[in-house]
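One point on numbering: in the numbering used here, the residue at position 236 of the sequence shown is 239, and numbering is uninterrupted.
Backbone N, C-alpha and C fix where the C-beta goes; we use that ideal spot for every residue, glycine too.
Note sheet for the following structure.
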Amino acid sequence: MFTRIANGWELTKQSYRVLMLDKELLLFPLMSGFSCLLVLGSFAAPLWNSKYINVIMNDQQVPQDPVAYAILFAFYFVNYFVIIFFNSGLMACAIIRLKGGDPTVGDGFRAAMNRLPQIAGWALVSATVGFILKMIESRSEKMGRFVAGLLGMAWSITTYFVIPVLVVEKKNPFEAMKRSVGILRETWGESLVANFGIGMIVFLVMIPVILLIVSGGFVIASGNVVMGGIFMVIGLILILLISLVSSAIHSILIAALYMFAAEDEVPQQFDQSLIAHAFAHK
4 MFTRIANGWE
14 LTKQSYRVLM
24 LDKELLLFPL
34 MSGFSCLLVL
44 GSFAAPLWNS
54 KYINVIMNDQ
64 QVPQDPVAYA
74 ILFAFYFVNY
84 FVIIFFNSGL
94 MACAIIRLKG
104 GDPTVGDGFR
114 AAMNRLPQIA
124 GWALVSATVG
134 FILKMIESRS
144 EKMGRFVAGL
154 LGMAWSITTY
164 FVIPVLVVEK
174 KNPFEAMKRS
184 VGILRETWGE
194 SLVANFGIGM
204 IVFLVMIPVI
214 LLIVSGGFVI
224 ASGNVVMGGI
234 FMVIGLILIL
244 LISLVSSAIH
254 SILIAALYMF
264 AAEDEVPQQF
274 DQSLIAHAFA
284 HK
């Protein structure tokens, strides 16, 4: 187990080194987050003075109203479409780099645009699953949240390789999901443990940042508003930067694992023996 965690840690560091070759890839998660805020604003603005505003503000209880259901589903679909679109662009660039190319942001956008039908289809499937999980969660605050959490975790594992399958193989959503499950079933390795490695690194890096923000709060409470505000602003900027980097690293790692699992090809930027040791065909 400790060997697997160490391997996941090393894969994470190697993914970071790949990102440093193409720092412009950080634009994809940045644009994705900004676009999601625009989507939220476009839904919230016309609904602000209505009873449906809580539907898109992550309220636990969804009104049993067909209009509320339609708004929630539409909100989920548009959000998922935006996220999947930018993830696909980032994934395309990562694969180009891992295959020895020198990708640009334009390459990522062109790849995503060429896969709009697949992206829209997968957004529809994802929105449906997200809507169902939300309905389960809203029926019972504690048990519903527990069940929805378990199902959501299973869904995340099942669809782990869907985005690279959509980008590389251009399969429809259901074929992509089947292919993702097949890759996980046929080839085992550090996929989930590597994600743990990313999560652990992000957690460790976040600790001093959170302490900086908390310190800013205490400084403001002591009367030094300017200095405390500076601490908090710096902390928030660092959180944004860490989130962007971790998101990009995660996509690069999935691309590398996909290349080995689906194409039996070890990216040259990764340690050959590490990935060969990390995976074993059944």
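**OP:** Could you spell out where the alpha helix (DSSP H) holding Gly-103 opens and where it closes?
**Re:** As a first step, residue 103 must be located in the sequence shown, where it is residue number 100. Premise fails: Gly-103 is in no alpha helix (DSSP H) and is neither H nor E.
Original post:
For Ser-254, which option in Val-21, Val-42 and Ala-48 has the closest C-alpha, if you only look at C-alpha atoms?
Top reply: The sequence position of residue 254 within the sequence shown is 251, counting from 1. Minimum Cα distance to Ser-254 is reached at Val-21.
**OP:** Compare the beta carbon distance of Phe-46 and Phe-78 with 8 Å and say whether it is the shorter of the two.
**Re:** Your numbering for residue 46 matches position 43 in the sequence shown. Your numbering for residue 78 matches position 75 in the sequence shown. Closer than 8 Å, so yes.
Subject >> Backbone secondary structure at Val-1 - three-state DSSP >> reply: Coverage of the chain is limited to positions 4 through 285, which leaves residue 1 absent and any answer about it impossible.
**OP:** Can you tell me which of the three DSSP states Met-116 falls into?
**Re:** Along the sequence shown, read from residue 1 onward, the residue named residue 116 stands at position 113. Correct three-state label for Met-116: helix.
**OP:** Could you say if the region 254 to 270 and the region 89 to 98 meet the contact criterion of at least three C-beta pairs nearer than 8 Å?
**Re:** yes
**OP:** Go ahead and pull the three-state DSSP assignment for Tyr-55.
**Re:** The count along the sequence shown starts at 1 and reaches residue 55 at position 52. Three-state result, Tyr-55: coil.
**OP:** Can you have a look at Ser-53 and say buried or exposed, based on whether 16 or more other CB atoms are within 10 angstroms of its CB?
**Re:** As a first step, residue 53 is located in the sequence shown; it is residue number 50 there, counting from the start. Exposed.
Subject >> Integer Cβ distance of Asp-25 from Arg-113, believed to fall under 8 Å >> reply: The residue given as residue 25 occupies position 22 in the sequence shown. The residue given as residue 113 occupies position 110 in the sequence shown. About 16 Å separates the two Cβ atoms, so there is no contact after all.
**OP:** Return the Cβ separation of Ala-265 and Ile-186 in integer angstroms, given the expectation that the two are a contact with Cβ distance under 8 Å.
**Re:** In the sequence shown, the residue the question calls residue 265 occupies position 262. In the sequence shown, the residue the question calls residue 186 occupies position 183. Confirmed, about 6 Å.
Original post:
DSSP three-state call for Val-340: helix, strand or coil?
Top reply: Absent from the structure is residue 340, since the part of the chain shown begins at 4 and ends at 285.
**OP:** Have a look at Gln-67 and Arg-142 and give me their C-alpha separation to the nearest angstrom.
**Re:** Locating residue 67 in the sequence shown gives position 64, where the first residue counts as 1. Locating residue 142 in the sequence shown gives position 139, where the first residue counts as 1. Cα to Cα, Gln-67 sits roughly 10 Å from Arg-142.
Original post:
Would a C-beta distance cut-off of 8 Å place Ala-115 and Phe-88 closer than the cut-off?
Top reply: Within the sequence shown, numbered from 1, the residue matching residue 115 stands at position 112. Within the sequence shown, numbered from 1, the residue matching residue 88 stands at position 85. Cβ atoms of Ala-115 and Phe-88: closer than 8 Å.
**OP:** Excluding the 5 residues preceding and the 5 following Lys-174 in the sequence, name in chain order all residues of the same chain whose CB lies nearer than 8 Å to its CB.
**Re:** Within the sequence shown, numbered from 1, the residue matching residue 174 stands at position 171. Same-chain partners within the cutoff: Gln-121, Val-168 and Arg-182.
Original post:
Gly-219 to Pro-211, Cα distance in whole Å?
Top reply: Taking the first residue of the sequence shown as 1, we reach residue 219 at position 216. Taking the first residue of the sequence shown as 1, we reach residue 211 at position 208. Taking the straight line joining both Cα atoms gives about 12 Å.
**OP:** Let me know the secondary structure DSSP gives Lys-285 once reduced to three states.
**Re:** Your numbering for residue 285 matches position 282 in the sequence shown. The predicted position of Lys-285 is uncertain, since its pLDDT is 45 and thus under 50; a value taken from the coordinates is nonetheless stated next. Reduced to three states, the DSSP call for Lys-285 is coil.
Original post:
Measuring from the CB of Val-81, is there a heavy atom of the ligand SAM at a distance below 7 Å?
Top reply: Of ligands this structure carries none, so the ligand SAM is not represented either.
**OP:** Please say whether Glu-27 and Val-85 have beta carbons closer to each other than 8 Å?
**Re:** Start at 1 with the first residue of the sequence shown, and residue 85 comes out as number 82. Start at 1 with the first residue of the sequence shown, and residue 27 comes out as number 24. Contact: no.
Original post:
Alpha carbon to alpha carbon, what distance is there between Ile-56 and Pro-49?
Top reply: Residue mapping note: residue 49 aligns to position 46 of the sequence shown, counting from 1. Residue mapping note: residue 56 aligns to position 53 of the sequence shown, counting from 1. Pro-49 and Ile-56: Cα-Cα distance of roughly 9 Å.
Original post:
Quick one, which of Leu-207, Phe-164, Ser-35 and Ser-250 has its alpha-carbon nearest Tyr-83's?
Top reply: Residue 83 sits at position 80 when you count from the first residue of the sequence shown. Tyr-83 has its Cα closest to that of Ser-35, out of Leu-207, Phe-164, Ser-35 and Ser-250.
**OP:** To the nearest angstrom, report how far apart Val-208 and Ile-139 are at their CA atoms.
**Re:** In the sequence shown, the residue the question calls residue 208 occupies position 205. In the sequence shown, the residue the question calls residue 139 occupies position 136. When rounded, the distance between both Cα atoms is 34 Å.
Original post:
How is Thr-131 classed by DSSP in three states: helix, strand or coil?
Top reply: Here the question's residue 131 lines up with position 128 in the sequence shown. DSSP places Thr-131 in helix when its eight states are reduced to three.
Subject >> Extent of the continuous alpha helix (DSSP H) run through Glu-172 >> reply: Position 169 of the sequence shown, counted from the first residue, corresponds to residue 172. Element bounds for Glu-172: 165 to 172.
Subject >> For Met-60, three-class secondary structure by DSSP >> reply: For this step, residue 60 is matched to residue 57 along the sequence shown. Of the three classes helix, strand and coil, the one that applies to Met-60 here is coil, per DSSP.
Subject >> Residue from Glu-268, Gly-232 and Ile-201 with nearest C-alpha to Val-248 >> reply: Taking the first residue of the sequence shown as position 1, residue 248 is located at position 245. Ranking Glu-268, Gly-232 and Ile-201 by Cα distance to Val-248 puts Ile-201 first.
Original post:
Is Lys-16 buried or exposed, if buried means 16 or more other CB atoms sit within 10 Å of its CB?
Top reply: The residue you call residue 16 lines up with position 13 of the sequence shown. With fewer than 16 other Cβ atoms within 10 Å, it is exposed.
Original post:
Mind checking whether Pro-176 and Val-132 have CB atoms under 8 Å apart?
Top reply: Here residue 176 refers to the residue found at position 173 when the sequence shown is read from its first residue. Here residue 132 refers to the residue found at position 129 when the sequence shown is read from its first residue. For Pro-176 and Val-132, no; Cβs fall outside 8 Å.
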